[in-house]
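There are 2 protein chains.
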Amino acid sequence: MREVIEAIKKGKRFLVTAHVNVEGDALGSQLAMKELLMGMGKEAFILDSDPVPEHYRFLPKASEVSNKFDKVGAFDAAVVLDCPTLNRTGKVRDVIKSQAVPIINIDHHISNEKFGSVNWVEPNASSAGEMVFRLFKETGVKMTKEVALSLYIAILTDTGSFNYDNTSSATHEIAGELLGYGLDPAVVSESVYERRSVKDINLLGLVLATIRVNKSGMIAHLEVTKDMLKKTGADLAKSEGLINFARSIDGVKVAILFKEDQQEKGKINISFRSKGNGDAADVNKIAAIFGGGGHAKASGCIVAGSLKEVKKKVLAQVEASLKDK
Amino acid sequence: MREVIEAIKKGKRFLVTAHVNVEGDALGSQLAMKELLMGMGKEAFILDSDPVPEHYRFLPKASEVSNKFDKVGAFDAAVVLDCPTLNRTGKVRDVIKSQAVPIINIDHHISNEKFGSVNWVEPNASSAGEMVFRLFKETGVKMTKEVALSLYIAILTDTGSFNYDNTSSATHEIAGELLGYGLDPAVVSESVYERRSVKDINLLGLVLATIRVNKSGMIAHLEVTKDMLKKTGADLAKSEGLINFARSIDGVKVAILFKEDQQEKGKINISFRSKGNGDAADVNKIAAIFGGGGHAKASGCIVAGSLKEVKKKVLAQVEASLKDK
Chain A
307 MREVIEAIKK GKRFLVTAHV NVEGDALGSQ LAMKELLMGM GKEAFILDSD
357 PVPEHYRFLP KASEVSNKFD KVGAFDAAVV LDCPTLNRTG KVRDVIKSQA
407 VPIINIDHHI SNEKFGSVNW VEPNASSAGE MVFRLFKETG VKMTKEVALS
457 LYIAILTDTG SFNYDNTSSA THEIAGELLG YGLDPAVVSE SVYERRSVKD
507 INLLGLVLAT IRVNKSGMIA HLEVTKDMLK KTGADLAKSE GLINFARSID
557 GVKVAILFKE DQQEKGKINI SFRSKGNGDA ADVNKIAAIF GGGGHAKASG
607 CIVAGSLKEV KKKVLAQVEA SLKDK
Chain B
307 MREVIEAIKK GKRFLVTAHV NVEGDALGSQ LAMKELLMGM GKEAFILDSD
357 PVPEHYRFLP KASEVSNKFD KVGAFDAAVV LDCPTLNRTG KVRDVIKSQA
407 VPIINIDHHI SNEKFGSVNW VEPNASSAGE MVFRLFKETG VKMTKEVALS
457 LYIAILTDTG SFNYDNTSSA THEIAGELLG YGLDPAVVSE SVYERRSVKD
507 INLLGLVLAT IRVNKSGMIA HLEVTKDMLK KTGADLAKSE GLINFARSID
557 GVKVAILFKE DQQEKGKINI SFRSKGNGDA ADVNKIAAIF GGGGHAKASG
607 CIVAGSLKEV KKKVLAQVEA SLKDK
């Protein structure tokens, strides 16, 4: 962390970025990081590969997240947040590479490849937001209610409302301190989680009707077809939580979501989630068999074929993997 | 709190109880309270009107919660947790009344009627569990990992995973301290929230298909019929969260769940939830019109009539109430 602060002191103008398909932690940590840099007397701008999803546009100063690659100008260093590899920044990678500046890598993924000039990686931190919070503490830059909100949302979303195993005592301490800036947890929660459309609910109803559990009760799967999206008009980008309904069934060890690819015919996007008290299956390994990857408890891959074929093949593999254990 | 501790010191054998239809806070706070009393050198037993729901039987020493009214024996005082009125203890009320002993009333509901000999009411506490935690601190009774788990579950469930507005900085501080006893938040979360049956999921699918939003987009409602329960074999007791799907729609101010009564034909059980940043409708007032009640953001009532009639009448009333505001 000290090296990060030293690296910041050396520069004047900073690019701040995070990964493609930005979510709560990527956005919250970037917005707070920009304020930290400005609080340290620096210039800073946020450049992301993808636009801010509509349901996160209520974040303070979210409109300052830019996707304009033609108006970047010179900068002295890049702060990369929440990215295990530089490739995860998407198109921003080329912008950073083109200026050959120092890269400040701030991340909480254990798989981080230390691609930066300075690498601050904390696998025990719940989120990049938790790490930026510590930078505020260490530098003494004054935190505003707006920054507290950005960081609180980063932590709230990356911990699944403090339910995932990345939640530590320190995470709760920080969340408590952030609420102390005058945040109403219910109002924040409604802003983040209660913005479903009727279309989303209709899609959920159709997807739940496809849920199936295998004989042993350990594998549950569901599916999203192109037809369902057409019928409901729902936005697939907001369907992140669908797989959790399969995971939440008592006794299920592995949950699988099959999604027909929206662009390419004959491609199926697959997500895996596992659960268990110490005996959870490693779905990273299962995804790897199909050329995908991720974490032990959450992974994904893309498999070519019809939905029917792919389901058969993948389910057989998961059955076999569970038996091998 | 000091009066509570003084009252405990005076007795030798204690009845511990909570409200009918026990949930996470009632159970967790009772189990921890019993340990506190024993840690203070007292005898204690838990007597509840209703049995522990199956999905909470994994709580440490949950089997010590008794529903046997014939083997109570004499006791010196009753500790009543999480009850705004003594009637909320159900059948236990008569047991307490029959022995004419002091009542120690520990509760966090603002509507608490101070029915005890000693009344410790903290409307700012997230849960009864949070209050029992403070008793451990104040008395210095040693907390075990098991007690920490009971209290953590009390807080987790009563705050909706730290999302409701009863979550304070202090709540997070306490949760952080409880995790420090070696709890894994993901394992606890799975134990509490990921025990759905396929039947529950099938019911959810059917219920979601009934979701409707009114013209203004401010009222969303859904329904559970007897037919759906028969078809799916789902347990209505586990359907608590169904109304949240209606509440979670963007722009909705009032969510309503209509449930056909399982026992009595021609009776509809109705739940209301409201949301809003400072401008939430007071659904307690709406429920009161139909002889029910609750809180400003969560209430309920029972109305006689067919599902169709009752829906028409109640929706008209909610429309009118929203216009009056």
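So the sequence lines, in the order shown, correspond to chains A and B. Basically this note's numbering = 1-based index in the first sequence + 306. Basically this note's numbering = 1-based index in the second sequence + 306. Where is the CB? At the ideal position from N, CA and C, for every residue including glycine.
Strictly under 8 Å for the Cβ-Cβ distance: is residue i near chain A by that measure?
i	result
B/R502	yes
B/G486	yes
B/G511	yes
B/S605	no
B/S456	no
B/N583	yes
B/F468	yes
B/Y362	no
B/G482	yes
B/I416	no
B/H601	no
B/F616	In the sequence under discussion, the amino acid at residue 616 of chain B is Val, which differs from the Phe named in the question. False, the Cβ-Cβ gap to chain A never drops below 8 Å.
B/V519	yes
B/I507	yes
Would DSSP call residue i helix, strand or coil?
i	result
B/G379	coil
B/V494	helix
B/D413	strand
B/V328	coil
B/L353	strand
A/I461	helix
B/E566	strand
A/F468	coil
B/S404	helix
B/G435	helix
B/L365	coil
A/R579	strand
A/K573	strand
A/L489	coil
B/V386	strand
B/A602	coil
A/L477	Correcting the residue identity first, residue 477 of chain A is Thr in this sequence and not Leu. Note: A/T477 maps to helix in three-state DSSP.
A/R308	helix
A/E483	helix
B/R501	coil
A/E529	strand
A/F421	coil
Compute the beta-carbon to beta-carbon distance between residue i and residue j, rounded to the nearest angstrom, for a pair I have assumed lies under 8 Å.
i	j	result
A/V504	B/I517	7 Å
B/I402	B/A431	Wrong, their Cβ atoms sit about 23 Å apart, outside the cutoff.
A/D471	B/P491	6 Å
A/L621	A/E566	Going by Cβ atoms, the distance from A/L621 to A/E566 rounds to 16 Å, so no, they are not a contact pair.
B/H478	A/H478	4 Å
Are the C-beta of residue i and some C-beta of chain B separated by less than 8 Å?
i	result
A/F551	yes
A/D642	Residue 642 of chain A lies beyond the stretch modelled for chain A, which goes from 307 to 631, so this question has no answer here.
A/D556	yes
A/F578	no
A/A313	no
A/V560	no
A/A515	yes
A/E496	yes
For residue i and residue j, what's the separation of their Cα atoms in angstroms?
i	j	result
B/E309	B/E370	27 Å
B/A602	B/K591	7 Å
A/A332	B/R399	53 Å
B/E349	B/G379	12 Å
B/E570	B/G317	44 Å
A/A636	A/F578	As shown, chain A starts at 307 and ends at 631. That puts residue 636 of chain A outside it, with no answer to give.
A/L563	A/E529	6 Å
B/D588	B/T463	23 Å
B/V326	B/G482	30 Å
B/G486	A/A476	10 Å
A/V447	A/D556	47 Å
A/G523	A/I549	16 Å
B/I525	B/Q623	11 Å
A/A260	B/C607	Outside the displayed range of chain A (307 to 631) lies residue 260 of chain A, so it cannot be described from this structure.
B/K618	B/T323	40 Å
A/F375	A/K451	30 Å
B/P429	A/P429	38 Å
So, does the segment 456-463 of chain B touch the segment 333-348 of chain B, judging by three or more C-beta pairs under 8 Å? yes
If you pair each beta-carbon of the segment 504-513 of chain B with each one of the segment 537-544 of chain B, do three or more pairs fall below 8 Å? yes
I'd like to know if the segment 466-480 of chain B and the segment 350-369 of chain B are in contact, where contact means that at least 3 CB-CB pairs between them fall below 8 Å. no
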